[in-house]
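2 protein chains.
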Amino acid sequence: MLDTAFVEVANRMADAAGEILRKAYRQPLTIDHKADASPVTQVDREVESALRALIEKHFPGHGIIGEEFGNVRESSPYQWVLDPIDGTHAFIAGTPTFTTLIALAYEGVPVLGVIDQPITKERWVGVAGEKTVYRKSPHPNLLPEGEGALIPSPPGRGQGEGKTLAQATLATTAMKYFTADEAAIFTKLQTQCANVIFGGDGYLYAKLASGEIDLVIEAGLKPYDFCALKPVVEGAGGVISDWNGKPVTIASGGSIIAAANKQLHAEALALLCQ
Amino acid sequence: MLDTAFVEVANRMADAAGEILRKAYRQPLTIDHKADASPVTQVDREVESALRALIEKHFPGHGIIGEEFGNVRESSPYQWVLDPIDGTHAFIAGTPTFTTLIALAYEGVPVLGVIDQPITKERWVGVAGEKTVYRKSPHPNLLPEGEGALIPSPPGRGQGEGKTLAQATLATTAMKYFTADEAAIFTKLQTQCANVIFGGDGYLYAKLASGEIDLVIEAGLKPYDFCALKPVVEGAGGVISDWNGKPVTIASGGSIIAAANKQLHAEALALLCQ
Chain R
146 MLDTAFVEVA NRMADAAGEI LRKAYRQPLT IDHKADASPV TQVDREVESA
196 LRALIEKHFP GHGIIGEEFG NVRESSPYQW VLDPIDGTHA FIAGTPTFTT
246 LIALAYEGVP VLGVIDQPIT KERWVGVAGE KTVYRKSPHP NLLPEGEGAL
296 IPSPPGRGQG EGKTLAQATL ATTAMKYFTA DEAAIFTKLQ TQCANVIFGG
346 DGYLYAKLAS GEIDLVIEAG LKPYDFCALK PVVEGAGGVI SDWNGKPVTI
396 ASGGSIIAAA NKQLHAEALA LLCQ
Chain B
146 MLDTAFVEVA NRMADAAGEI LRKAYRQPLT IDHKADASPV TQVDREVESA
196 LRALIEKHFP GHGIIGEEFG NVRESSPYQW VLDPIDGTHA FIAGTPTFTT
246 LIALAYEGVP VLGVIDQPIT KERWVGVAGE KTVYRKSPHP NLLPEGEGAL
296 IPSPPGRGQG EGKTLAQATL ATTAMKYFTA DEAAIFTKLQ TQCANVIFGG
346 DGYLYAKLAS GEIDLVIEAG LKPYDFCALK PVVEGAGGVI SDWNGKPVTI
396 ASGGSIIAAA NKQLHAEALA LLCQ
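Residue numbers (the numbering used here), protein chains in the order written: chain R, 146 to 419; chain B, 146 to 419.
Dropping the structure here:
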C-alpha cells in the first residue's frame with residue numbers, strides 16, 4: 146500500500162502545474178529548441194520548477210528526474226519522474242491535448258502516475274495495485290475551478306473489453322517518432338484497425354484508461370514520457386509494456402505499447418515482434 | 146455584400162449540429178466504414194440530416210453537397226457544402242478537435258464559411274470581403290450554454306504577422322493522407338519550421354485564423370473538407386490556395402496550403418512546387 150502522502154503531494158503538484166498552464170495557455174510564448182530539436186518554452190521550465198519545489202519541500206530525500214532540469218539524488222530508491230508539459234507541440238499550438246506527467250518510481254518501478262490536462266480539467270491518478278481514479282471532464286457540465294472529485298476510472302464507452310484489433314481505435318502522436326522500420330510496422334497495423342488518430346502524446350494513454358482509445362503504439366519515448374502512464378493504464382484494467390512485451394520500468398527503452406485488454410495487446414504485440 | 150440571412154441560417158445550422166454533437170460526444174457509437182475505408186458514425190448522418198433540413202426550409206432552391214448524402218440541385222448557382230463531422234477519427238476517440246464545416250459557394254466560389262467546435266464552443270465565421278468573426282473559447286472563463294457573442298477574429302498571439310518559415314508552427318492532420326512524393330516534400334518542409342503538430346483537420350485552419358498555427362499543408366481533401374476554410378482564413382488576413390498557388394474553388398483539387406501571411410505562403414509554396 147502506497148503512502149497516501151505521496152498521492153496527496155502528487156495531486157498538489159498537478160494543481161500547481163495546472164494553475165501556471167491555464168494562465169499561459171494561448172498567450173505569447175518564447176520558443177527555444179533543445180539539442181534534439183524539440184521545442185521548449187519558458188512555461189515548461191516554470192512548471193517543472195514548481196513541481197521540484199514541492200518535492201524538495203515534502204520529500205527532500207527523494208530523487209528527481211525531470212525533462213528540463215536533469216537528475217538529482219540518483220541513488221534514492223524513490224525517484225519522481227516529471228514531464229511539466231508532455232506535448233509541448235500541442236501546448237504551443239493552443240490545442241488542449243498536452244498534459245503534465247508526474248510519476249513516482251520505487252526501485253525502478255513506477256508505482257504512482259498522474260496524467261493531468263489542465264484546460265479540460267481532466268485528471269487520471271494511478272497507484273500500483275489500485276483502481277485508477279479519474280476527474281471527469283468539465284463537459285458537458287462545466288466544472289468551476291478546483292471542483293470535481295476523483296472517481297474510479299469509468300469503463301468508458303464499454304468498447305474496450307473483449308475488443309479485437311479489427312474493432313479498435315489505434316493512436317500514436319506522430320509518424321516522425323518512428324524509424325523507417327517501425328513506421329512500416331505501424332502502417333501495416335493501422336490497416337487492420339477500425340480507426341486511427343494522430344496527435345495526443347500522454348493524453349492518449351489517459352483516454353485509453355477511460356475506454357475511448359483501444360491501442361496506443363509509440364517509439365522514441367523517454368522515462369518522463371512513459372513512467373506516469375503505467376500505473377494509470379494498469380489501474381484501469383489495461384495492459385502496457387515495451388514492444389518486446391516486457392514490463393515498463395524506469396529503465397525501459399522508449400518503445401511502448403498500451404492496450405485496452407490482454408487479447409488486443411497480444412494481437413498487436415505479435416505484429417510488432419514480426 | 147452577402148445576404149445576412151445566409152449568415153444567420155449558417156449560424157443556426159452550426160447551433161443545431163452542436164446540440165447533437167454535444168449529446169453524442171464520448172457516448173457509445175456505431176462505427177461503419179465507407180468505400181474509402183474512412184470511418185463514419187450514425188452521428189455524422191444525424192448531423193447532416195439536421196443541416197439539410199434547415200437548408201430545405203430556408204433556401205429550397207439552393208444546391209447541397211454533403212459528405213454523407215451526396216448532391217442535390219447541382220445546377221443552382223448557390224451550393225451549400227457540408228461536412229457534419231470533419232475529423233470523425235477525433236470525434237470517435239473523444240478528442241475535441243473535430244469540427245462541423247458549413248460553406249456556401251456562389252458560382253463555385255466559397256463566399257461563406259463556418260468552422261464550429263461544439264465541445265470547446267469555439268466558432269469561426271468567414272464571409273467574402275469581411276473580417277472573420279470568432280466566438281471565443283470558454284477557456285478560461287467558461288461559457289454557459291448558448292452564450293458567447295461573435296467578435297472580430299483576434300490577431301491571436303501576434304505571432305503570425307511577419308513570421309518566417311523558421312519561426313512557424315506547421316500542422317497537418319496525418320502523414321497517411323500524402324502520397325510518397327508529397328510526404329517527402331512535407332518532411333523536408335517540416336525540418337525548416339520551428340514546431341510541427343499532427344491531428345486537427347479543419348480545426349487547424351480555424352486556429353490559423355486565430356494566430357495559433359502559422360501554416361497548414363494537406364492533401365487528399367474533398368470540397369466539403371476545404372470550402373468552409375477559405376472565407377475564414379482570408380477574412381482573418383491569412384492566405385489559402387492549392388499547392389499550385391491557385392485560388393480555392395469548389396472544383397479545386399484536394400491539395401491545400403494555408404498560411405498566416407503572404408511571405409510565409411510564398412516561402413512554403415516555393416518548396417511545394419519544386
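Beta carbons: idealized from backbone N, C-alpha and C, even for Gly.
All figures in this text were calculated on a predicted structure; none of them were measured in a lab.
- For N389 of chain R, the number of other beta carbons within 10 angstroms of its own is below 16, and it is reported as exposed.
- Of the candidates R:S183, R:G347, R:P205, the residue whose Cα lies closest to the Cα of D370 of chain R is R:G347.
- Counted as a single uninterrupted DSSP element, the beta strand (DSSP E) harbouring R268 of chain B occupies residues 267 to 272.
- Put simply, the CB of T240 of chain R is near chain B, with a gap under 8 Å to one of its CB atoms.
- Shown here, S194 of chain B sits in a helix according to DSSP, grouped into three states.
- Proximity to P222 of chain R across R:I395, R:I401, R:H410, R:K407 peaks at R:I395, based on C-alpha coordinates.
- B:A364 is the residue among B:A319, B:F236, B:A364, B:A405 whose C-alpha sits nearest the C-alpha of L417 of chain B.
- Ranked by Cα distance from G307 of chain B, the options B:D148, B:E191, B:Q408 are led by B:Q408.
- Closer than 8 Å to the CB of F343 of chain B there is at least one CB belonging to chain R.
- Against chain R, the CB of I237 of chain B has a partner CB under 8 Å away; the residue lies at that interface.
- Look at E363 of chain B here: in three-state DSSP terms it is strand.
- Taking all protein chains shown into account, K352 of chain B has 16 or more neighbouring C-beta atoms within 10 Å of its C-beta and is therefore buried.
- Contact between the region 310 to 319 of chain R and the region 183 to 201 of chain R is absent, with fewer than three C-beta pairs closer than 8 Å.
- Taken in chain order, the unbroken stretches of alpha helix (DSSP H) that lie wholly in the region 183 to 238 of chain R and span 4 residues or more are 187 to 203, 233 to 237.
- Against M320 of chain R, the close residues of chain B are M320, in the order they occur along the chain (beta-carbon pairs closer than 7 Å).
- Within 9 Å of the CB of E357 of chain R, the CB atoms of chain B belong to R171, I237, A238, G239, T240, in sequence order along the chain.
- Under the DSSP assignment, L257 of chain B falls in the beta strand (DSSP E) whose first and last residues are 254 to 262.
- A straight line joining the alpha-carbon of H178 of chain R with that of E412 of chain R spans about 38 Å.
- If the five residues before and after A169 of chain B are omitted, its C-beta is found closer than 7 Å to the C-beta atoms of V188, all from its own chain and listed in chain order.
- Here the alpha carbons of I176 of chain R and V278 of chain B stand approximately 28 Å from one another.
- The DSSP-derived three-state label of F243 of chain R is coil.
- When DSSP reads this structure, H178 of chain R sits in a beta bridge with R:P184.
- A straight line joining the alpha-carbon of V256 of chain B with that of H410 of chain B spans about 21 Å.
- Beyond the five residues adjoining it in sequence on each side, L174 of chain R comes within less than 8 Å, by CB distance, of T186, Q187, V188, I237 in the same chain, given in chain order.
- Here L366 of chain R has G399, I401 as same chain residues with Cβ atoms under 6 Å from its own Cβ, once five neighbours each way along the sequence are excluded.
- DSSP places F331 of chain B within a helical segment (H, G or I) once states are collapsed to three.
- In this structure, C372 of chain R places its C-beta atom within 8 Å of the C-beta atom of A248 of chain R.
- Nearest neighbour of G253 of chain B by Cα position, chosen from B:R268, B:R280, B:I209, B:T240, turns out to be B:I209.
- P229 of chain B is positioned such that its CB atom lies closer than 8 Å to that of L196 of chain B.
- Between the alpha carbons of S355 of chain B and P263 of chain R lies a gap of roughly 21 Å.
- Sixteen is the threshold: when 16 or more other Cβ atoms of the shown chains lie within 10 Å of the Cβ of N340 of chain R, as they do, the residue is buried.
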